[in-house]
Amino acid sequence: MQQFASTADAENPGRQLNGKPQAGAARRALGDIGNLGNTLAQKVQGGKDGEKGRTGVLTRRAAAQLMAVGGPTNDSQGTDSWGTRPRASLRPRDGNVPVVSSAAPAPPIEAMAELRRASLGPHIDDADKNDPLAACPFIPHMMSFYKRTEPKVRVADNYMSNQCDINDKMRAILIDWLVDVHIKFKLMPETLYLTVNLIDRFLEAKQVTRKHLQLVGVTAMLVASKYEEIWAPEVRDFVYISDRAYNRDQILNMEKIMLNVLRFNLTVPTHLHFMQRFLKAAGVAENQEIVAYATYLVELALPDYSMLKFNYSKIAASAVSAACSAYGRDPVPRALLRHSGYNEPSLRDCVDALDLLYSKAPTASLTAVYKKFSAEKYHNVANRDVPTRLSDAHMDA
C-alpha cells in the first residue's frame, strides 16, 4: 500500500502529504489537461525529470492520446514521434502503385460475374422481377430442384414387362379416356400431367389386373385433383364418369393403397413445369399459337408408351423447339439450350418421335388429344400445315 501511495503521489504532487494538502497548483476533479499532456509526454519521452527513457514500441493507444493533447511530433526535423529517424532501408512510396481504398470497385469475382451476365444478354425473368407473384428470386432454385428430382421419379421405359394382365395398349386407352374426363371436369392442365405420372409410378410398383386398371386411372385423377385443384371433383363424380363400374368405397380404398405405394410423394416435376420455363426461355411464352402447338406435341406423348424412354424435360424442350421451328422462329435459341441443359443434336431423336406422333394423329384410333387441339380454343394447331418432317425443318433452320 505504501508503494502504491508513493507512486500515486509521485504522479500527482498536489494530492496529500501526511493527510495534509500539499502546496501546489489547484487541480480539477478530472485533472488538468495541460498537466495530463505533460505527464504523458514525460512518460513517453523519458520520465518527469527529462531523463532518457527506455526505448520501445509506441502503442496505438498512447500515440492517439499523444496526438489528442498536441504532443510533439518533430516532423520538422524529419523524425518520427519517437524522435528517431526512419530506417534507411525503407524506400519512399512509389507514386505509380495503386492504393486500395474503401471506395475501390467490386472484387474481381463479382466483376467477372457481372461481365458474364452482361454477355448472356437480358435475363428471361427481368420483365417480371418487380412482380411478387412471379417469385423470380425462387425460380432458379425451383428449376434446380426439378432437375434433381426428375431422375428419381422417372419410371423405367420397360416396366410394363412386369405386368401379367395389362399391356401398353391398355395404358394408352386409359390415358386417352382420361383426357376426355379431364376436359369434361374442366380441370387444370397440371392435374392431367400429374395423373399420368401417378398411374405410371403405381403400375411400375404394383401389378394390376385389367379389371382394376380403370379404377387406378380414376383414383389417380382424384388424387391429382385434390393436390392441384381449388375445387376438386367429388368421389361420386368419378363413380358416375366411370359408368358405376366402381363404387365409392372401392375408389377410396384404392386411394389409400395408391398413396401408401407412392409414399405420399406427390410433389414431382412434370412435362408442364419444364415446358412453361422453356417457352419463356425461347421468348415465345406470350405467343398463344406456339404455346398451344408445343402443348399439343407434349400431350400426344402422354398416351404413347414408347415416349417413356425420354425425360419429361427432354420432351418439353423438343416440343418447344419444334413449335418454334413450325412458326418460323429460331428453333434452338441460346437461352433455351442454356436453361434446358440440352444441346441441339441431343434433341433430334425426341423431335423425330414427336414428328411421328404428329403425322399419325389424324388417323390414329385414339383421337382425344387430336380432337382437343382441333378446336378454335387451341387455334386448331392439330391441323396446321407444317413441313413434312418437323425434325428436318428443326435442324435446317
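Residues in the sequence shown are numbered from -5 upward in steps of one, following our numbering. Built from N, CA and C at the ideal position, the CB exists for glycine as well.
Please classify M136 as buried or exposed, where buried requires at least 16 other C-beta atoms within 10 Å of its C-beta. exposed
For M182, does the three-state DSSP call read helix, strand or coil? coil
Tell me where the alpha helix (DSSP H) around E283 begins and ends. 282 to 295
Can you tell me whether H206 is helix, strand or coil according to DSSP? helix
In chain order, what are the residue ranges of uninterrupted alpha helix (DSSP H) at least 4 long that sit wholly in the segment 332 to 373? 338 to 354, 362 to 366
What three-state label does DSSP hand A150 in the structure shown? coil
Would you check if the distance between the CB atom of G314 and the CB atom of L273 is smaller than 7 Å? The sequence shown places Val at residue 314, rather than the Gly named in the question. Going by C-beta atoms, V314 is nearer than 7 Å to L273.
Distance check for V375 and I118, CA to CA, integer angstroms please. 26 Å
If you draw a straight line from the alpha carbon of V292 to that of L246, how long is it in whole angstroms? 31 Å
Could you tell me whether the segment 146 to 155 touches the segment 274 to 293, using the rule of 3 or more Cβ pairs below 8 Å? no
According to DSSP, is R271 helix, strand or coil? helix
State yes or no: is the C-beta of V175 within less than 7 Å of the C-beta of I235? yes
Near A288, which residues of its chain fall below 7 Å by C-beta distance, leaving aside the five closest residues on each side in sequence? M269, L273, A313, V314, A317
What do you reckon, are the CB atoms on A286 and Y372 nearer than 7 Å? yes
DSSP state of S236, grouped into three classes? coil
Following the continuous alpha helix (DSSP H) through S312, name the residue where it begins and the one where it ends. 306 to 320
Quick one: Cα of A239 to Cα of M248, how far? 14 Å
For T185, does the count of other Cβ atoms within 10 angstroms reach 16, so buried, or fall short, so exposed? buried
Answer yes if the segment 190 to 210 comes into contact with the segment 317 to 337, meaning at least three C-beta pairs across the two stretches below 8 Å, and no otherwise. no
Alpha carbon of V94 to alpha carbon of R328, nearest angstrom: Annotation note: pLDDT 49 at V94 (below 50); position unreliable, no value reported.
Return yes when the Cβ of K123 is within less than 7 Å of the Cβ of C130, no when it is not. yes
Going by beta carbon distance, what residues of the same chain come within less than 6 Å of P263, once the five residues before and after it are set aside? Y140, T143, E144
Does the contact criterion of 3 or more C-beta pairs under 8 Å hold for the segment 211 to 227 versus the segment 183 to 197? yes
Excluding the 5 residues preceding and the 5 following H265 in the sequence, name in chain order all residues of the same chain whose CB lies nearer than 7 Å to its CB. Y187, V292, Y306, I309, A310
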